[in-house]
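Note that the protein sequences, when read in sequence, are chains A and B. Note that the numbering used here has the first sequence beginning at 305, numbered continuously upward. Note that the numbering used here has the second sequence beginning at 27, numbered continuously upward.
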Amino acid sequence: MNIFRLLGDLSHLLAIIILLLKIWNSRSCAGISGRSQFLFAIVFTARYLDLFFTFISLYNTVMKIVFLATSYGTLYLMYIKFKATYDSNHDTFRIEFLILPAIALALLINEEFTVIEILWTFSIYLESVAILPQLFMVSKTGEAESITSHYLFALGSYRALYILNWIYRWFLTEKLNAIAIVAGIVQTILYCDFFYLYLTKVLKGKKLQLPA
Amino acid sequence: QYEQHEHDEL
């Protein structure tokens with residue numbers, strides 16, 4: 305564990321908590337893409353299956369349980385409790401165009417052809433594009449509440465911090481996973497134009513407007 | 027310390 309990975313995990317946890325609080329306090333999931341949240345739940349489910357038979361550390365186990373619980377909790381709030389506020393008209397990104405290629409790629413490019421490794425690889429590929437429905441929805445609605453942009457900033461920062469963690473581990477000549485690194489770079493690049501808008505607009509108190 | 031395919035990152 306290093307400071308970059310710890311900050312990355314905490315940024316990820318912060319993003320999920322910001323989203324849960326936003327939905328719970330405003331009792332609304334307006335502007336939030338349920339499809340992206342659904343993809344995140346798939347990512348965590350496929351990746352954390354080893355929860356039950358490998359123990360890496362208490363931190364690792366606790367965080368996996370928290371991420372699984374909060375992602376399914378968010379789905380519950382969006383699709384059941386506050387279903388009436390879910391904006392399905394703007395949440396229309398075809399997620400099968402993300403899931404199917406991730407499955408195909410995981411079967412083709414992986415480190416070991418075992419069920420656990422294929423699922424882990426699938427979760428890495430899917431996570432790199434899982435935010436697209438949310439970014440698509442923000443560009444369709446043309447704007448996002450500031451709390452949603454804080455959520456996106458924390459979520460985008462998590463994998464950017466992981467890139468710093470991989471650089472740090474490279475200097476320590478620790479084992480690295482090329483698949484996770486390439487996918488993590490792609491994932492972070494997808495946030496770049498949002499990061500630009502966030503840093504130049506939202507932090508100056510303006511609304512976040514994505515070019516439609 | 028980890029076998030080749032144990033993923034220690036979240």
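Yeah, the Cβ is synthetic: ideal placement off N, Cα and C, and Gly gets one too.
Asked, Found
"Check: A:A482 C-beta below 7 Å from any heavy atom of the ligand GDP", "Among the components modelled here there is no ligand, and therefore nothing to report on the ligand GDP."
"Collapsed DSSP secondary structure at A:A434 in the structure displayed", "coil"
"Residue interval of the alpha helix (DSSP H) (run including A:V370)", "362-380"
"Neighbour flag for A:D395 against chain B, beta carbons, 8 Å", "no"
"Residue-level contact to chain B via CB, A:N364, 8 Å cutoff", "yes"
"Chain B contact for A:I360 (CB, 8 Å cutoff)", "yes"
"Residue-level contact to chain E via CB, A:R309, 8 Å cutoff", "This model lacks chain E altogether; the protein chains it does include are A and B."
"A:S392, buried or exposed, once every other Cβ within 10 Å from all chains shown has been counted against 16", "exposed"
"Backbone secondary structure at A:E421 - three-state DSSP", "helix"
"Contacting residues, own chain, Cβ-Cβ under 7 Å from A:A319 (five flanking each side not counted)", "Y455, A458, L459, Y462"
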